[in-house]
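Notes follow the structure.
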Amino acid sequence: MTRETVRVPLGERTYDIHIAENLIDEAGKLLAPLLRRQRVAIVTDENVAAAQGERLKSALSGNDISAEFVTLAAGEATKSFAILESLVLRLIDLGIERDDLVIAFGGGVIGDLTGFGCSMLRRGCRFAQMPTTLLAQVDSAIGGKTAINVPQGKNLIGAFYQPEIVISDVSVLKTLPARELRAGYAEVVKYGLIADAPFFSWLENNGNALLNGDAAAQTYAVKKSCEAKAAIVGADEREKGKRALLNLGHTFGHAIEGAFGYSDKLLHGEAVALGMSLAFDYSARLGLCNTGDAARVKKHLKECGLPTEVADLEESIPSDQLLAYMLQDKKVEQGALTLILAQSIGSAVIVKDADSAEIAEFLKEKTGV
């Protein structure tokens, strides 16, 4: 079994990301050195609990670690104030102390919600990430961004709060629906687009193998993605500069998610794929990158079953609605938009004071309304 370890370098808060097949079965051994007492709380969703809950419980009990499960509904709607409140109160009722460990066992929704809850519980309770989706393994479980959604926008209420460890079991990706796997793949592609053109070329040649369940390809892609994110987070933990590059396509994508009500009609990764396509098209429009690069990116995403055009969506979205959501983005400064755009495949750039009128015209052309 190929086993990879990537370190997130954050001084006293440095932690490791463990990547391999069947790591759930080794969870007890990996977590035991971090425990102050032999008990944990596990926050998960109904789907993960049914598919992997007993497996994790057995791995922990084999190391004399008792576990209490807090099982939530699956889906983006769980990232809400109401569920956050119920989660934190449940952890208090379970007697979770500041030095105990709470395990976020699920995809990005569970990781974001659990991490945010732990950042508040007793002014900061320790937690571990055990991501079970490709999207979470390559992106949301790493770097300490935690948040919930509100009607005004995605991830607007949250905190930077780092986990103690990340355990990514690549074998669980075999249980993901194909659509979920494709959605996570969009975030993998992102790392090639922002700073690693050779990796994007590798994905063009190996992306279909990854999506068809090739464990070696999946492990390599998760490792490369984690290395890229760890380096950026280590240099800019709180997104004061370079870390914003990780948001390539996300300002457009989050706006489209908002317009769809953060529902399963459009998964986060699907919105990111669409957002990256828009970012490259807009970059080409501004003359930042050539149209050939934009076409190449969209061709690969489309070949992998991901959306690349707003006009292809089942529901039409008014361009003014998209712009309104974009203006609620976390990177807005003094009312002006900041966009992550492309100079080429493998080279992204932060553009401050983006022209809202020009963006509005671009969105109108793309949406037709």
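Here the working numbering runs 103 ahead of the position in the sequence shown, where the first position is 1.
The C-beta atom is built at its ideal place from N, Cα and C for all residues, glycine as well.
Computed from a predicted model, the values in this text were never measured in an experiment.
Quick check: the Cα distance between residue 318 and residue 273, rounded to an integer number of angstroms? As a first step, residue 318 must be located in the sequence shown, where it is residue number 215. As a first step, residue 273 must be located in the sequence shown, where it is residue number 170. Residue 318 and residue 273: Cα-Cα distance of roughly 7 Å.
I'd like the list of long-range same chain contacts for residue 135, defined as Cβ closer than 6 Å, with 5 residues on each side in sequence excluded. Here residue 135 refers to the residue found at position 32 when the sequence shown is read from its first residue. 166.
Coarse secondary structure for residue 394, derived from DSSP in three states: Taking the sequence shown and counting its residues from 1, one reaches residue 394 at position 291. Helix, per DSSP.
So residue 241 is in the beta strand (DSSP E); what residue range does that whole segment cover? Residue 241 sits at position 138 when you count from the first residue of the sequence shown. No beta strand (DSSP E) contains residue 241, which DSSP labels as neither H nor E.
Could you tell me the distance, in whole angstroms, from the CA atom of residue 299 to the CA atom of residue 207? Translated into positions along the sequence shown, residue 299 becomes position 196. Translated into positions along the sequence shown, residue 207 becomes position 104. In a straight line, the C-alpha of residue 299 is about 30 Å away from that of residue 207.
Where does residue 234 sit, in a helix, a strand or coil, going by DSSP? Working through the sequence shown from its first residue, we reach residue 234 at position 131. Of the three classes helix, strand and coil, the one that applies to residue 234 here is strand, per DSSP.
Would you check if the region 392-411 and the region 283-302 touch, i.e. whether three or more CB-CB distances between them fall below 8 Å? yes
Please classify residue 446: does DSSP put it in a helix, a strand, or coil? The residue you call residue 446 lines up with position 343 of the sequence shown. In this structure, residue 446 counts as strand in the three-state DSSP scheme.
Which residue marks the beginning of the alpha helix (DSSP H) containing residue 294, and which one marks its end? Within the sequence shown, the letter at position 191 stands for residue 294. Residue 294 -> alpha helix (DSSP H) spans 281-298.
In chain order, what residues of the same chain lie with their CB nearer than 6 Å to the CB of residue 244, ignoring the 5 residues before and after it? Here the question's residue 244 lines up with position 141 in the sequence shown. Only 214, 232, 234, 269 meet the Cβ criterion.
Classify residue 317 as helix, strand or coil using the three-state DSSP reduction. Numbered from its first residue, the sequence shown carries residue 317 at position 214. Coil.
Are the CB atoms of residue 138 and residue 168 within a distance shorter than 8 Å? Here the question's residue 168 lines up with position 65 in the sequence shown. Here the question's residue 138 lines up with position 35 in the sequence shown. The beta carbons of residue 168 and residue 138 sit closer together than 8 Å.
Give the list of continuous beta strand (DSSP E) stretches no shorter than 3 residues that lie fully inside the region 343-377. none
Leaving out five residues on either side along the sequence, give the residues of the same chain with a beta carbon under 6 Å from the beta carbon of residue 258. For the purposes of this step, residue 258 is taken as residue 155 along the sequence shown, with counting starting at 1. Within the same chain, Cβ atoms closer than 6 Å to the Cβ of residue 258 are found at 250, the five residues on either side in sequence being excluded.
Please classify residue 461 as buried or exposed, where buried requires at least 16 other C-beta atoms within 10 Å of its C-beta. Position 358 of the sequence shown, counted from the start, is the residue given in the question as residue 461. Looking at its Cβ environment, which holds fewer than 16 other Cβ atoms inside 10 Å, residue 461 is exposed.
According to DSSP, is residue 147 helix, strand or coil? Reading the sequence shown from its first residue, position 44 is the one you call residue 147. Residue 147 falls in the strand class under three-state DSSP.
Start and end residues, alpha helix (DSSP H) containing residue 93: The requested residue 93 does not occur in the structure, where the chain is confined to residues 104 to 472.
Quick check on residue 235 - is its C-beta less than 8 Å from some C-beta in chain B? No chain B appears in this structure, which consists of one protein chain only.
Leaving out five residues before and five after residue 118 in sequence, what residues of the same chain have Cβ atoms less than 8 Å from its Cβ? Here residue 118 refers to the residue found at position 15 of the sequence shown. Hits under 8 Å: 110, 111, 265, 266, 267, 268, 269.
Can you tell me whether residue 192 is buried or exposed, with buried defined as 16 or more other CB within 10 angstroms of its CB? The count along the sequence shown starts at 1 and reaches residue 192 at position 89. Residue 192 should be labelled exposed.
Measuring CA to CA, which of 163, 451, 425 is closest to residue 362? What you label residue 362 is simply residue 259 of the sequence shown in a count that begins at 1. Per the Cα distances, 425.
Member of 263, 386, 355 whose CA lies at the smallest distance from the CA of residue 427: Within the sequence shown, numbered from 1, the residue matching residue 427 stands at position 324. Nearest option by C-alpha distance: 355.
Rounded straight-line distance, which links the Cα of residue 157 to that of residue 487: Past the boundaries of the shown model lies residue 487; the chain is included only from 104 to 472, so the question cannot be answered.
Separation of residue 153 from residue 188, as counted between CA atoms: The sequence position of residue 188 within the sequence shown is 85, counting from 1. The sequence position of residue 153 within the sequence shown is 50, counting from 1. For residue 188 and residue 153, the distance between alpha carbons rounds to 24 Å.
In the region 121-193, which residue ranges form an unbroken beta strand (DSSP E) of at least 3 residues, counting only runs that do not cross its ends? The qualifying runs are 142-148, 169-175.
Coarse secondary structure for residue 196, derived from DSSP in three states: Here residue 196 corresponds to residue number 93 of the sequence shown, with the count starting at 1. In this structure, residue 196 counts as helix in the three-state DSSP scheme.
Within its chain, find whatever has a CB closer than 8 Å to the CB of residue 285; leave out the 5 residues flanking it on each side and keep chain order. The residue given as residue 285 occupies position 182 in the sequence shown. Hits under 8 Å: 314, 372, 373, 407, 408, 409.
Assuming residue 213 is part of the alpha helix (DSSP H), what are its boundary residues? Here residue 213 corresponds to residue number 110 of the sequence shown, with the count starting at 1. Segment 211-223, the alpha helix (DSSP H) holding residue 213.
Restricting to Cα atoms, I'd like to know which of 149, 287, 419, 171 is closest to residue 211. Sequence index remark: in the sequence shown, residue 211 carries index 108 (1-based). Checked all of 149, 287, 419, 171; the closest Cα to residue 211 is 287.
Using 10 angstroms around the beta-carbon of residue 401, count the other beta-carbons present and answer buried if the total reaches 16, otherwise exposed. Numbered from 1 along the sequence shown, position 298 holds the residue referred to as residue 401. Counting Cβ neighbours within 10 Å, residue 401 comes out buried, since at least 16 surround it.
Taking its Cβ as the centre, do 16 or more other Cβ atoms sit within 10 Å of residue 147, making it buried, or is it exposed? What you label residue 147 is simply residue 44 of the sequence shown in a count that begins at 1. The residue is buried, with at least 16 neighbouring Cβ atoms inside 10 Å.
On the CB-based measure, 16 or more other CB atoms within 10 Å of its CB, does residue 242 come out buried or exposed? The residue given as residue 242 occupies position 139 in the sequence shown. Answer is buried; the Cβ neighbour count reaches 16.
Helix or strand or just coil, what does DSSP make of residue 325? Locating residue 325 in the sequence shown gives position 222, where the first residue counts as 1. In the structure shown, residue 325 sits in a helix (DSSP, three-state: H, G or I).
Can you tell me whether residue 430 is helix, strand or coil according to DSSP? The residue you call residue 430 lines up with position 327 of the sequence shown. Coil.
Does DSSP put residue 90 in a helix, in a strand, or in coil? Nothing about residue 90 can be reported from this structure: the residues present for the chain run from 104 to 472 only.
Quick one: Cα of residue 277 to Cα of residue 312, how far? Taking the sequence shown and counting its residues from 1, one reaches residue 277 at position 174. Taking the sequence shown and counting its residues from 1, one reaches residue 312 at position 209. The straight-line gap from Cα to Cα measures roughly 13 Å.
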